Structures are given as C-alpha cells and as structure tokens.
Amino acid sequence: MTYHFGPRWTDQGVEFRLWAPAASRVELILEDPGPNPAGSAPRSCYPMSCQERGWWRSTALERPEGTPYLFRINGEHLVPDPASRQQLQDVHGPSLLVAPNSRAPSFSRRTWEELVFYEVHVGTATPEGTFAALEERLPELAALGITALELMPLADFPGKRNWGYDGVLPFAPDTTYGTPAELKHLAEAAHRAGLSLWLDVVYNHFGPEGNYLHLYAPQFFTTDQQTPWGAAIDFTVPEVRRFFLENGIYWTRDMGFDGLRLDAVHAIHDPSEEHFLSSFSRDLHASQEQKRTIFLVLENDQNEALYLQETDSPPGYAPEYDGQWNDDIHHVFHVLLTREDHGYYSEYQNDPEKLLLQALAGGFIRHGPTTLPPARFIAFLQNHDQIGNRAFGERLVTLAPKEALEAATAVLLLAPQIPLLFMGEPWGCSTPFQFFCDFSADLAEAVKTGRRSEFGLEDLPDPGAPGTWQASRLQHPPGPENGQWLHLHRKLLTLRREHLVPLLPHLKAGRATGGGETAATVLWDPSWGMHLNLHNRARPLPENLFIEQDNPLPGEIFRLPDQGWPDNGHMPPWSCIVFWRTP
C-alpha cells in the first residue's frame with residue numbers, strides 16, 4: 001500500500017506531500033542534516049504545487065535519511081509534518097526524513113485466548129524511561145507469565161513528560177523514548193521473548209499544544225461536536241479517515257505491533273453511513289500480509305457492545321473488534337476492596353458483591369449484562385486511568401487489606417475474561433502513578449489550577465513539576481518484600497495457561513448464585529467455575545457444599561487462602577476456590 005500522508009520515496013527521489021486545503025501557498029523547507037545548533041542549520045526552500053482536494057506536492061528531491069524538514073504555510077507559519085515519522089527534537093520543530101523499512105518486521109503468534117496484558121508507560125516503566133531500557137525487562141515479564149505488552153500512547157507530545165494522551169503527531173514516537181529504529185528493535189525483542197506487542201492509539205482528539213492542523217487543514221475538525229479534550233475530529237471527511245487508517249497500518253504492518261487499543265471511542269463521532277470504527281477494522285485487517293493476525297480492542301465508556309458482536313462480513317462470522325475494556329469490573333472491585341463510594345463509585349455501592357457477580361457472569365453492569373463470551377472483555381483491578389486520575393495516584397496495595405487484594409487478584413487472573421495488569425502490579429509495587437505533563441507556562445498553570453479545582457484540594461502534586469513525573473517512575477529490581485506478590489502472580493498465571501486458556505474458545509456467558517448470607521458461585525458453561533467469598537466474614541456455600549481444609553472439592557484447581565479454613569465448612573473471609581467441572 002502507498003501512503004498518502006508523509007514523504008513518499010520513489011525511484012526519482014523523495015516526494016513530500018501535505019494535505020492543506022485551507023492554505024493558499026505551501027513551501028517545503030529542508031535543512032542540512034548533521035550536528036547543527038537548534039535553528040542554525042542551512043535551509044533550502046522549494047515551492048509545492050497544489051493538486052486536487054487540497055493536496056500539495058513537491059517535486060522529487062534527492063535527500064538522505066535524517067534530513068530535517070518543515071512546511072511553510074502562506075509564507076509565515078513553519079509547521080512539522082502531521083504524518084512525521086520522527087521529530088528532530090520536539091513537536092514544534094522540524095520533522096526528520098525516515099526511510100521506509102527495508103525488511104518486514106517480525107510478528108507474534110499468540111492467540112487471543114493466550115493474552116495477559118501488561119500496561120506500560122514507557123517513560124516511567126524503568127528509571128531510564130526509554131525503549132532500550134524497557135527491552136531489558138522483557139525476559140522477566142515473559143518468565144512471570146505475561147504474554148502481551150501494551151504501551152500507552154507514543155505519539156509525539158509537547159515537552160519531555162506526558163501520559164501520551166496529549167499527542168499531536170500520531171505517527172512519531174516521542175523523542176524522549178527513543179527512535180523509530182529503537183522501537184522496532186523493542187518489537188522484535190518482544191516477539192523473541194514470546195510477547196505480543198500492543199499500542200494504545202488516540203483517534204478522538206489531538207493534544208492542546210503543538211497541533212498546527214487548524215492553520216492549514218481545519219477540515220480535520222467539526223464544530224458540531226466537542227470532546228472533553230478539545231475539538232472533535234470530523235470522520236465524514238475522506239482524507240481524515242485515510243489519515244487515521246494509515247496510522248493504524250503504519251504501527252501494525254511497518255512497526256510490528258500485533259494489536260491496537262483504541263482510546264475512548266465513545267468520543268469518536270461519525271454520522272457517516274458506515275462508521276469509521278467499522279471501516280477502520282475492515283481496511284486495517286485487509287492491509288496485512290496473508291495469514292498475519294492482528295487484534296483490536298476498544299475503550300468505550302458507554303458500555304456499547306455493538307462492535308463485539310459477530311458479523312457476517314467476509315471472511316466469515318467474526319466480531320469487528322476482539323475485546324473491550326470493562327470498567328464495571330474495576331469499579332465494583334474497587335468498592336469491595338476500599339469501600340470508597342464517591343464519584344462514579346457511588347453507582348456501585350449498593351450490594352457491590354452482587355454487581356461483581358453480574359459483571360463476571362454477563363459482562364457489563366451499567367446497561368445490563370450481555371450474552372457475549374467472557375473473553376470478549378478485558379478485566380483489570382488497576383490501570384493508568386484508575387490510578388493516575390486519583391488525586392495522589394495511589395495504588396490498591398496502599399488502599400486495600402492485603403488478603404482482600406490477594407483474593408481479588410486470584411479472581412482476576414483465573415476468571416475467563418482477558419486480564420490486564422498495570423506496570424509494577426505483579427510485585428505489589430507501591431510507587432504512585434500520578435498525572436504529569438510538560439506544557440508551556442500558561443497551559444501548565446491552567447492544568448494545575450483545573451486539577452486542584454476538580455479535587456477541591458490545594459496541596460495536590462503539580463502535574464507540570466518534574467518531581468511529579470519522577471515520583472511515578474518504577475524502581476528496579478523489586479525488593480525482597482515483593483517476593484510473595486511475584487510468587488502469587490506467577491502461580492496464578494501458570495494455572496491460567498495450563499487449565500483455563502484451552503477452554504476459553506468454548507466458554508459462554510455465565511450465571512451466578514448465592515451472595516448475601518452465603519458465599520457465591522459463578523459458573524461459565526460448559527466447564528469452569530468459582531466459589532467466592534469476597535467479604536470480611538466467613539460464610540457457608542450455597543447448595544450445602546461442605547469445604548474442609550485438607551480435602552479439595554471435585555475438580556478443584558486452586559484455593560485461597562491455602563490454609564486457615566474453619567472446621568464448620570464455611571469459606572473464610574476473602575477466599576476463593578477455582579474448579580473445573582464436567583459438562
């Protein structure tokens with residue numbers, strides 16, 4: 001496939017292209033490559049010709065890889081390439097010419113059912129905060145039982161620190177993390193370690209600083225809709241749809257990512273006859289090499305399961321998207337573990353155990369259960385949002401009783417939903433993950449003031465202070481005090497791989513019994529079940545089952561705690577039994 005956006009390499013040289021339908025004049029500015037002080041490199045200027053539908057094109061030019069370039073709009077505004085593959089320094093400066101890959105990247109052979117996600121912010125996952133440093137951690141993740149490494153957004157953002165959701169150059173990995181070549185090296189190392197590599201992509205907005213599209217392509221945006229983060233993107237425009245499709249193709253086909261998580265798709269507004277999400281899935285799959293499987297996951301705050309339903313589109317009956325994050329499972333677990341009931345947790349405070357059973361058995365709580373297989377849902381106890389959007393970024397290990405968190409971890413990893421762990425979670429990391437950014441002065445002050453107003457607190461960490469980012473960086477290696485958590489996660493993930501993964505393609509939506517005065521049972525047809533007592537007091541099981549300390553139940557695979565069960569056959573507080581059952 002030939003990319004429409006970004007430089008195009010031909011036999012005659014490099015052709016530079018820009019979609020700038022609102023511009024009256026566009027010039028290509030080339031700088032000499034090499035070690036020049038910022039802003040001092042010799043420049044050459046080339047007029048670009050206007051083509052149909054607002055495309056501007058240069059003549060083919062012989063230029064080496066690494067050449068810095070900019071576009072000058074209407075004789076005054078210097079802007080980077082919106083499809084830049086790499087920036088020289090930051091989003092306000094020149095883009096760098098990056099040659100196409102000379103060889104195809106490697107890919108993972110992991111199936112959907114094998115996936116255990118590990119969500120990572122590259123800039124804080126290691127003390128160095130780089131692709132190269134993260135690569136060194138891959139063997140230990142694989143040994144633990146992690147099978148999918150999910151990177152938070154990489155799109156180049158302003159400054160040196162950001163979660164990634166304020167990116168403005170979606171094709172360019174942020175320069176603070178490393179180069180595209182180093183990212184591709186990370187992808188190849190992940191595949192050698194047996195890991196599937198995933199990327200979180202943001203197609204619902206551009207960040208508030210460094211986005212120059214309004215100067216020459218305001219058609220990217222619509223005034224009919226707004227998002228919580230700024231102007232909504234207009235997906236009725238063919239060039240806009242093409243831009244984001246090419247972005248997905250670039251990450252998966254050229255850079256070796258095996259799956260994408262589409263952020264906050266409820267904020268992707270599209271009145272077109274075929275919604276962008278449908279065409280994106282179809283065309284992205286069609287762009288891949290034969291026999292190469294990629295996966296797609298959604299985040300959707302509205303709990304819509306439309307794109308998870310099976311369709312009759314070629315090549316057969318399959319969902320357009322493989323899975324969706326299930327915030328309901330997180331929210332009700334959080335209420336059970338911490339008893340917090342403010343904000344959106346207030347919806348889950350009435351009989352949270354019953355609500356958890358509903359979510360485990362049928363998927364969603366808000367908007368009701370579904371009949372979808374449980375493996376269509378991504379479940380988690382923690383993620384970047386649920387930690388970082390707290391006032392002080394605390395993790396559950398500092399908020400919940402240890403025995404309660406252990407039981408919740410066992411349920412998460414041995415339930416038939418696809419589990420996700422946040423970086424550091426497998427070793428009980430207590431390092432906070434706080435909200436941080438590095439905007440220019442006025443915007444940074446506005447963000448700080450807005451966050452303090454949101455929480456009604458004056459002593460919050462300043463998102464723009466380097467110390468807030470530094471406090472969120474994981475330290476390696478984990479200490480001796482983390483050994484028990486690592487052992488628990490390793491054991492649970494081994495059991496999941498050996499016993500549950502082979503069953504996942506066949507498990508259907510479940511049903512739950514008990515709760516209240518008794519412990520609860522969740523059964524997923526045809527062959528998987530759990531007895532749960534996620535409560536701070538002992539309770540009997542329904543159906544007169546009698547449990548003894550030293551006598552496992554029929555088909556029992558795992559129980560927690562492994563000792564201390566009462567003589568009366570009750571389940572102790574914060575306990576679970578996982579079992580295989582005969583259909």
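Each residue of the sequence shown is one higher than the one before, starting from 1 at the first, in the UniProt record's numbering. Positions of the beta carbon are idealized from the N, C-alpha and C atoms, including for glycine. The structure displayed is predicted, hence computed values, not measured ones.
Beta-bridge analysis with DSSP links H570 to no other residue. Short of 6 angstroms from the beta carbon of Y212, and not among the five residues preceding or following it, lie these beta carbons of its own chain, in chain order: V79. In this chain, the alpha helix (DSSP H) harbouring H285 covers F276 to A286. Shortest Cα-Cα distance from W56 to any of T468, S24 and Q290 involves S24. Using a 10 angstroms sphere on the CB of F546, the tally of other CB atoms stays under 16, which defines it as exposed. Under the criterion of beta carbons closer than 8 angstroms, P352 and Q417 do not qualify as touching, at roughly 17 angstroms. With contacts defined as CB atoms closer than 9 angstroms, Q434 and P463 qualify as a contacting pair. For P173, no alpha helix (DSSP H) segment is defined; the enclosing uninterrupted segment is the beta strand (DSSP E) at L169 to P173. By the neighbour-count criterion, in which a residue is buried when 16 or more other Cβ atoms sit within 10 angstroms of its Cβ, Y344 is exposed. Residue burial is scored here from C-beta neighbours: T147 has at least 16 other C-beta atoms within 10 angstroms and is therefore classed as buried. A distance below 9 angstroms separates the beta carbons of A143 and R490. For T371, the number of other beta carbons within 10 angstroms of its own is below 16, and it is reported as exposed. Following the DSSP letters along the chain, one finds F455 in no beta strand (DSSP E) but inside the alpha helix (DSSP H) bounded by residues A441 to F455. The residues A23, S24 and R25, in chain order, have a CB closer than 7 angstroms to that of N74 in the same chain once the five nearest residues on each side in sequence are set aside. For T227, the beta-bridge partners assigned by DSSP are G230.
Distances from the alpha-carbon of A410 to those of I29, P426 and L18 put P426 closest.
The distance from the Cβ of S108 to that of H191 is about 5 angstroms, consistent with a contact at the 8 angstroms cut-off. The bridge partners DSSP lists for M530 are V522 and V578.
As the crow flies, the alpha-carbon of F5 is around 10 angstroms from that of F171. Closest option to P480, judged by alpha-carbon separation, among S527, T449 and C429: C429.
Annotated as proximal: F436 and T468, with beta-carbon spacing under 9 angstroms. Between N389 and F364, the C-beta spacing is not below 9 angstroms.
Measuring C-alpha to C-alpha distances from Y118 to each of N101, M530, S196 and F579 identifies S196 as the nearest.
In this structure V201 touches G248 by the C-beta definition: roughly 7 angstroms separates them, less than 8 angstroms.
Bounds of any alpha helix (DSSP H) do not take in R53, whose DSSP letter is neither H nor E. DSSP places R43 inside the beta strand (DSSP E), whose first and last residues are R43 to P47. When DSSP states are grouped into helix, strand and coil, R376 belongs to the helix group. Within the DSSP bridge table, the entry for S196 names A148 as partners. No Cβ-Cβ contact shorter than 9 angstroms links R253 with D322. If you ignore the 5 residues before and after A99, its C-beta comes within less than 6 angstroms of the C-beta of E65, all in its own chain and listed in chain order.
A distance below 6 angstroms between beta-carbons, with the five flanking residues on each side excluded, links P542 to the following residues of its chain, in chain order: T513, G514 and T518. Y216: member of the alpha helix (DSSP H) spanning L213 to Y216, first to last residue. Spanning the alpha carbons of G34 and R395 requires a straight line of approximately 45 angstroms.
Residue pairing from DSSP leaves V122 without any beta-bridge partner. Beta bridge pairing from DSSP links I365 with no other residue. G393: not part of any beta strand (DSSP E); DSSP gives it neither H nor E.
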